[in-house]
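Participant: Heads up: the sequence lines are chains A and B, in that order. Taken in order, the first sequence gives residues 0 to 420; the numbers are from numbering that gives the first Met the number 0. Taken in order, the second sequence gives residues 0 to 602; the numbers are from numbering that gives the first Met the number 0. C-beta: ideal position from N, C-alpha, C; glycine also.
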Amino acid sequence: MRRLLFVFFTALLAALFVVAMWQDTNREWTGYQRRFFKTLASDERRNVPGGIRQVIVKDLNRVDRCTTCHVAIDKPQLALAEEPFKAHPGKYLEWHPVEKFGCTVCHGGQGLATEVKAAHGDVPHWEEPLLRGSLVQASCRQCHGDLKAIETYAPTLVQGRQLFKAKGCYGCHAIKDFGQTVSQDLTEIGSKSYLLMEADFEMMEEPHHRIHWLMTKLRNPRTLNPGVRPEALPPGEEEVYPSAMPHFGLSPDDVDALTVYLLSLTASDLPASYVTHEPPEPTPVYASSVERGKAVFEKYGCAACHGLGGVGGRRNWNAGLGSEVPSLMYVKAYYGNDVERLKDLIRHGRQPVPRADATRPVPGLYMPTWKDRISEDDLDALVAYLLSLSDKLPQPPAAPAPASASATPSDQSTTPAASSP
Amino acid sequence: MADEKFSVKQYVKKTKLWKSIFRHDFMDTPRTRLQRVFGNVFLHLHPVRTSKDAIRVTYTWGLGGLSFFLFLILTVTGILLMFYYRPASILAYQDIKDLSFAVTLGQLLRNMHRWSAHLMVVVVILHMVRVFLTGAYKPPREYNWVVGVLLLVMTLFLSYTGYLLPWDQLALWAVTVGAQMAANSPLLGNEGPFRLPFITPFNDARFGLIGGTVINDATLIRFYVLHCIAVPFIFCVFVCVHLWRVRKDSFSKQTGEKVDVWPHLVSREFLGTLLTMVILFVWSMVMNAPLEGQANLNVTPNPSKAPWYFLGLQELLVYFDPWIAGVVLPTLIIIGLMAIPYVDINPKGVGYWPKMKWKRLGWLPVWVPEERPFAVTVFMLGVIMWFVLIFIGTYCRGPNWEWYMPGEPWSYRRLTKLTLKNIPNLWGSLILVSYFLFGSPIPKKVKEWLSTKMGSKAPALVSAALHIGLGMVMAVALFVPLLTAADADFPMRSRYTTLFEALGRSINSPVVSWMYHLVQQFGPAVGYAIIIPMVGLIGLCLGGVGIVFAKFKDRLYEALGPIKYAMVIALLLMMTGVLGKIVLRLLFGVKYLISLPVFNFNI
């Protein structure tokens, strides 16, 4: 009996070892390689080594095993139509030789892995999932400081950067040394750990990673931070407002473009030989101080809170003036006689914002200090622009005079169009 | 090829080469059975013959041998892993990834190392429990029990140092929890109570453990050397001593006829190791060792948990300051375990499992062993407490260390607001002192003196008065401050002026809030008329518990003498004190009994 058990367990152990060995030699990647090699003639096979293949890029501190399955990525003459045996599209590999760049530096994913899911980064505890579709453009900016030069190849990235400026994101967020500090610094948002993102993790659908977080946030900033109503809190606890970030109503394309741009903002320590720098922008020339003021208004991101063209309408919980950021259309009526007071308000900001209900917490948005950011000349131009905004308001009906009766209807029809861009 | 006159087998056996290696015949004769054991360097660890009952599987369950075998597996897999591992923070994590994805059988190797380590911790603890329950630590084997406790400590330390090596988030933060406990050592820790004047973050106990003020490359290389060389070396020395003492002190079970170790014991050992190996193999093929993201000091996972075998201590951090939960209690546990054979003078119960029996303790039916009811009950209470705390820490604690049922989804939004208050120091000291006085016996001489002076019933009366008195003092010393003391946090951190109101309105002190609502609803007269008898009743109950054990305490004192008795009763009271503190915290919302923030000293 005992002898039988001896034999049985020893045989079982041997069998287990064989099974383990078999599993080890038949891992996922071997199937792909076998399928690929079957399609090749024997003389073609000689040029393509089997086994785990890796690209070691010392400069970038990367080891990428992607070519283990993507065997023909740099051999268009051998490529098949199906994944993963396609050759890399376009001339990108000519410009970025695989041995100098590897794969993951542009495409993300887990270069060391040899299993599909793990390699594409679709597993827990890997922060860099594969950058699919247009997201891959985010990687261009690591080296290409001059985005205009690569606009044809990275249109979404360039569009994202334009959107970032146009929506006035700089009004609250800083990137490197430009932008306000009302909210998070975005200088390294593209490589920030997901766990450090400000989020209610329950509000987030799967998958839990940075890209999905950014997209959800941009689609509607309040999805991830819906706040906590006082009813849901223990008595005596202060309520939490939803995210103060305005809801910009971005289209899906805009969301993609902004996500690409934000992902491109990474902490990178690439060798200098890889990097090109952005050429300085030419100094613009303005026809009038109002036009210059408009440029200042857009450059510093005032539009994010005060609305495009200063029309207002942005929610600011519990702020005076109807829980909104004030519109700028009536600046002239308030400050027309005392421009210095308006300038001081811009210089020093307004913190904290007056509350509608003094028992509730302070509003999330506030007017930051601009005195060290906007130069005095720019400030003058900005004030001129702000005072000109009320011109676009519908004029009060003029005194009944027979001469102007024909002009009034056309005035009213043009004003909304003028204020909308 | 078998030829009558010439066979290859016979020829080979006659060669000089064969004879120089194999010194004896393989026929199953009594002679070769002996030769196999004492002619073999590995097997001669065994005696040649041993009693039949001692090698019965259900006596030892082979736990000691399996511990040793798991140590061997760990050594072998560990050596193989060392070929692929470089202990530097920029390389370590990558090497583990390589093991998982590129090295032939690398993942299996890592899994096996990890799972055998977990299994070894379990098996070593079970081995200790077995040795305790079968009384195998009793004379002449006291010293070997102490060596065994040291081996347990080293097993835990080996696991702990190995935990850091993958250099992932799990490793970093588990080790952080342990390192912070070191920083809270009394006297020697920078954050501990009564810090010595020359102690800074740069020379305290944590600095010594992790080789710096934060966990970094210095820690990694330190833990690597400890894990791969230093601790295994010492471990081997102690294993040698341990096994040698088993031989010298003889095995704890000597009944039954003598049988040959070869094949009776050796075959059982071989089967046991085979079975373990099969289990480990299947386990390692089915389940991968965890590996989280690369270690990042800027990203703290919530919750951060220590390795499971230390989670009981981490769970105690809820109820105690780190210097107690992380330093004093583990030290006391180790010292207490080592002291067992020296304070347990009961000669019974050696060589067989305890026979359990239903008995009556007063009116309470209890399931206790016939021969060593006190020792077995106390020891098993400790072991069960340890594992219950581990279970709670592992499965019932979520973000912010909030309580969750196993399987309940975690919520990062949930934040229970706890109102915890300190009892004023004088009252708290009174509770503590009377609690420890509970352990005091009434020696025979005092009893005799009392009965000669005041009649034969006096000793019993004095004993009853003492215990009821102490119980009353404890109840009063707890409830009086809860009902009347001012809230020290008022007005900075508390809106209420008294502890009674602050705790009465909180959600985490059911007893106090019950009393508070009583007083609010029925008015002070009726309320206190209910509360005061209730306090008296609690005092009586505590005193009653004392009276139930009074006779036992006196007998124990007479048997052990003052020093051993003091050790036993102090350790026992500290163990139940842990439970008491948990009760105080959960039912009364009491945080500290004694709090001296100046010295960082809180109990």
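Give a yes or no on whether 8 Å exceeds the smallest Cβ distance from A221/A to chain B.
Facilitator: For the purposes of this step, residue 221/A is taken as residue 222 along the first sequence, with counting starting at 1. A small fix is needed here, since residue 221/A is Arg in this sequence, not Ala. No, R221/A does not count as interfacial toward chain B.
Participant: Does DSSP put L69/B in a helix, a strand or coil?
Facilitator: As a working mapping, residue 69/B is identified with position 70 in the second sequence. Residue state, collapsed to three classes: helix.
Participant: What's the call for K191/A, buried or exposed, on a 16-neighbour Cβ count within 10 Å?
Facilitator: The residue given as residue 191/A occupies position 192 in the first sequence. K191/A is buried by the Cβ-count criterion.
Participant: I'd like the list of long-range same chain contacts for V56/A, defined as Cβ closer than 6 Å, with 5 residues on each side in sequence excluded.
Facilitator: Numbered from its first residue, the first sequence carries residue 56/A at position 57. The answer, listed in chain order, is G101.
Participant: What beta strand (DSSP E) runs, 3 residues minimum, are completely inside the stretch 5-40 of chain B?
Facilitator: Fully enclosed beta strand (DSSP E) runs of 3 or longer: not present.
Participant: Identify the contact partners of L12/A in chain B, using a Cβ-Cβ distance below 9 Å as the criterion.
Facilitator: On the first sequence, position 13 is the one that residue 12/A refers to. Those are L273, M276, V277, F280, listed as they occur along chain B.
Participant: For a test of the three-state rule: what should DSSP assign to V70/A, helix, strand or coil?
Facilitator: Indexing the first sequence from 1 puts residue 70/A at position 71. Coil, per DSSP.
Participant: Please check if any C-beta of chain D sits within less than 8 Å of the C-beta of T358/A.
Facilitator: This model lacks chain D altogether; the protein chains it does include are A and B.
Participant: Thinking M119/B and L164/B are a contact (beta carbons under 8 Å), I'd like their distance in whole angstroms, please.
Facilitator: Taking the second sequence and counting its residues from 1, one reaches residue 119/B at position 120. Taking the second sequence and counting its residues from 1, one reaches residue 164/B at position 165. Actually they are not in contact, since the Cβ atoms of M119/B and L164/B sit about 16 Å apart, beyond 8 Å.
Participant: Beta-carbon within less than 8 Å of G105/B's beta-carbon, same chain only, minus the 5 sequence neighbours each way: which residues are those?
Facilitator: Walking along the second sequence from the start, residue 105/B turns up at place 106. Closer than 8 Å at the Cβ level, and outside the excluded window around G105/B, lie Y83, D97, L98, S99.
Participant: If you run the structure through DSSP and keep just helix, strand and coil, what is R413/B?
Facilitator: One-based indexing of the second sequence puts residue 413/B at position 414. It is coil, neither helix nor strand.
Participant: Going by the DSSP bridge assignment, what does T265/A pair with across the sheet?
Facilitator: As a working note, residue 265/A is residue 266 in the first sequence. Answer is none; T265/A lacks a bridge partner.
Participant: Taking D58/A as the query, report the chain B residues whose CB atoms sit under 9 Å from its CB, ordered along the chain.
Facilitator: Sequence index remark: in the first sequence, residue 58/A carries index 59 (1-based). Going along chain B, no residue has its Cβ under 9 Å from D58/A, so there is no contact; the nearest lies around 15 Å.
Participant: Reducing DSSP to helix, strand and coil, say where D167/B ends up.
Facilitator: Here the question's residue 167/B lines up with position 168 in the second sequence. If DSSP states are grouped into helix, strand and coil, D167/B belongs with the strands.
Participant: Tell me whether A406/A is buried or exposed, calling it buried when 16 or more other Cβ atoms sit within 10 Å of its Cβ.
Facilitator: Within the first sequence, the letter at position 407 stands for residue 406/A. Bear in mind that a pLDDT of 43 at A406/A, under 50, signals an unreliable position, so the model cannot answer this.
Participant: Going along chain B in order, which residues have a C-beta closer than 7 Å to the C-beta of A266/A?
Facilitator: Here the question's residue 266/A lines up with position 267 in the first sequence. The contacting residues do not exist; A266/A stays about 11 Å from chain B at best.
Participant: Take Q520/B and list the residues in its own chain whose beta-carbon comes closer than 8 Å to its own, dropping the five residues that flank it on each side.
Facilitator: Here residue 520/B is taken as the residue at index 521 of the second sequence, counted from 1. Only G526 meet the Cβ criterion.
Participant: Does any CB atom of chain B fall closer than 8 Å to the CB of D410/A?
Facilitator: On the first sequence, residue 410/A is found 411 positions in, with the first residue counted as 1. Only weak support is given to the placement of D410/A: the predicted model assigns it a pLDDT of 42, under 50, and the question is left unresolved by the model.
Participant: Shorter than 8 Å from the beta carbon of V53/B to some beta carbon of chain A?
Facilitator: Here the question's residue 53/B lines up with position 54 in the second sequence. For the record, residue 53/B in the displayed sequence is Ala; it is not Val. So, not an interface residue.
Participant: By the 10 Å Cβ neighbour count, where 16 or more other Cβ atoms means buried, how is E256/B classified, buried or exposed?
Facilitator: Stepping through the second sequence from its first residue, residue 256/B is reached at position 257. Label assigned to E256/B: exposed.
Participant: Could you spell out the range, first to last residue, of the alpha helix (DSSP H) harbouring S283/B?
Facilitator: For the purposes of this step, residue 283/B is taken as the residue at position 284 of the second sequence. Where S283/B is concerned, the enclosing alpha helix (DSSP H) stretches over 260-285.
Participant: With a floor of 4 residues, list each alpha helix (DSSP H) that falls wholly inside the stretch 325-387 of chain B, ordered by position along the chain.
Facilitator: List check, alpha helix (DSSP H) in window: 328-342.
Participant: Below 8 Å between beta carbons is the criterion; list the residues of the stretch 78-100 of chain A that meet it against any residue of chain B, in chain order.
Facilitator: Cβ contacts with chain B come from no residue of the stretch 78-100 of chain A.
Participant: How long is the line joining the alpha carbons of V510/B and G576/B, rounded to whole angstroms?
Facilitator: Translated into positions along the second sequence, residue 510/B becomes position 511. Translated into positions along the second sequence, residue 576/B becomes position 577. The alpha-carbon atoms of V510/B and G576/B are separated by roughly 19 Å.
Participant: Indicate the three-state DSSP secondary structure (helix, strand or coil) for T24/A in the structure shown.
Facilitator: Along the first sequence, one-based indexing puts residue 24/A at 25. T24/A: helix per DSSP, three-state reduction.
Participant: According to a CB-to-CB cut-off of less than 9 Å, which residues of the stretch 80-103 of chain B neighbour chain A?
Facilitator: Taking 9 Å as the Cβ-Cβ cut-off against chain A, the residues of the stretch 80-103 of chain B that qualify are I89, Q93, K96, D97, S99, F100, A101, T103.
Participant: What are the boundary residues of the alpha helix (DSSP H) that includes T155/A?
Facilitator: Position 156 of the first sequence, counting from 1, holds the residue named residue 155/A. Where T155/A is concerned, the enclosing alpha helix (DSSP H) stretches over 154-165.
Participant: Is the beta carbon of V104/A closer than 8 Å to that of V70/A?
Facilitator: Counting from 1 along the first sequence, the entry for residue 70/A is found at position 71. Counting from 1 along the first sequence, the entry for residue 104/A is found at position 105. Result no, Cβ atoms of V70/A and V104/A do not sit closer than 8 Å.
Participant: Closest by CA to N202/B, which one among P192/B, L187/B, G191/B?
Facilitator: The count along the second sequence starts at 1 and reaches residue 202/B at position 203. Considering only alpha carbons, the answer is L187/B.
Participant: Between A243/A and N336/A, how many whole angstroms is the CB-CB distance? I'm expecting something under 8 Å.
Facilitator: If you number the first sequence from 1, residue 243/A lands on position 244. If you number the first sequence from 1, residue 336/A lands on position 337. Incorrect: roughly 32 Å between the Cβ atoms, too far for contact.
Participant: Using a cut-off of 7 Å between C-beta atoms, extract the partners of I51/A located in chain B.
Facilitator: Counting from one through the first sequence, the residue named residue 51/A turns up at place 52. Within 7 Å Cβ-Cβ: A101.
Participant: Answer yes if the stretch 7-25 of chain A comes into contact with the stretch 270-282 of chain B, meaning at least three C-beta pairs across the two stretches below 8 Å, and no otherwise.
Facilitator: Yes, the stretch 270-282 of chain B touches the stretch 7-25 of chain A.
Participant: Answer with buried or exposed for N25/A, where buried requires no fewer than 16 other C-beta atoms within 10 angstroms of its C-beta.
Facilitator: Working through the first sequence from its first residue, we reach residue 25/A at position 26. The residue is exposed, with fewer than 16 neighbouring Cβ atoms inside 10 Å.
Participant: First and last residue of the alpha helix (DSSP H) that includes V56/A?
Facilitator: Indexing the first sequence from 1 puts residue 56/A at position 57. Looking at the DSSP string, V56/A is not in any alpha helix (DSSP H); the run it does join, the beta strand (DSSP E), is 54-56.
Participant: Quick check: is the beta carbon of S512/B nearer than 8 Å to any beta carbon in chain A?
Facilitator: Along the second sequence, read from residue 1 onward, the residue named residue 512/B stands at position 513. Not closer than 8 Å to any Cβ of chain A, the Cβ of S512/B fails to qualify, so no.
Participant: For the alpha helix (DSSP H) containing D176/A, list its first residue and its last residue.
Facilitator: Translated into positions along the first sequence, residue 176/A becomes position 177. Per DSSP, D176/A belongs to no alpha helix (DSSP H) and is neither H nor E.
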